[in-house]
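In this note's numbering, the protein residues as written are 35 to 286.
Built from N, CA and C at the ideal position, the CB exists for glycine as well.
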């Protein structure tokens with residue numbers, strides 16, 4: 035594995051089987067191979083149903099691939115047992131399309147952000163230290179202190195996505211799969227969340243797979259772009275409009 039790559043995917047396939055008597059196989063991923071370099075954002079674009087979300091979930095083994103390998107920082111995670119995979123989870127996180135469904139509706143925002151810290155996923159911390167860290171993370175993602183005691187249903191979609199980002203940052207991940215992270219948000223806040231994600235990637239040195247059907251958004255967010263069609267990666271190319279020189283994004 036090249037030291038420049040954090041992720042190396044080779045020959046990844048996923049076949050879903052439907053039906054009990056008349057079994058029917060659907061090949062959603064078909065011999066997919068690509069790399070994601072350390073510190074870069076690889077954009078993944080393609081039409082709905084082409085396998086983008088399945089690929090993103092497979093990289094974290096939220097969906098088990100049928101065949102192929104996924105090497106994360108030198109370790110083929112397809113060979114890991116449940117315990118070994120669980121110990122690596124904090125290094126790999128996912129942002130889903132609907133932020134509210136990612137949060138426990140019965141848990142206050144502050145408790146949700148602090149949960150991974152209280153569970154000791156990032157080492158043992160005292161109550162005061164955890165509280166200070168939560169307020170720090172809330173400030174980083176643009177939430178106010180008064181949001182601490184509120185519930186997800188009391189916040190907007192954009193605010194809930196900020197909560198999700200704060201919760202993820204609490205775990206100190208290295209790699210994030212962002213699956214259409216602004217698709218369910220109002221147009222007025224989509225650009226704000228995308229800019230925040232770019233700022234966080236730069237500040238925390240994150241590596242990211244950014245999934246979207248919107249090529250304009252992918253161009254704005256990504257260093258390189260992978261084009262997916264019918265379960266295969268058709269091409270991967272350098273995004274000439276990437277990096278800090280990328281123009282402002284205007285949605286709507």
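Residue pairing by DSSP places residue 260 opposite 78 and 270 in a beta bridge. In this structure, the alpha-carbon of residue 115 lies about 19 Å from that of residue 41.
The count of Cβ pairs closer than 8 Å, one atom from the region 257-265 and one from the region 225-235, stays below three, leaving the stretches out of contact. The region 123-185 is shown to contain whole alpha helix (DSSP H) runs of 4 or more residues at 143-152 and 161-174, in chain order. Distance between residue 161 and residue 149, taken at the CA atoms: about 12 Å.
When rounded, the separation of the alpha-carbon atoms in residue 176 and residue 183 is 16 Å. If you draw a straight line from the Cα of residue 55 to the Cα of residue 267, it is about 33 Å long. The three-state reading of DSSP puts residue 41 in strand, counting E and B together. Beta-carbon to beta-carbon, residue 112 and residue 99 are separated by about 6 Å, close enough to satisfy the 8 Å threshold. Measuring C-alpha to C-alpha distances from residue 242 to each of 185, 208 and 200 identifies 208 as the nearest. For the pair residue 185 and residue 158, the CB atoms are not nearer than the 8 Å cut-off. The bridge partners DSSP lists for residue 212 are 129 and 244.
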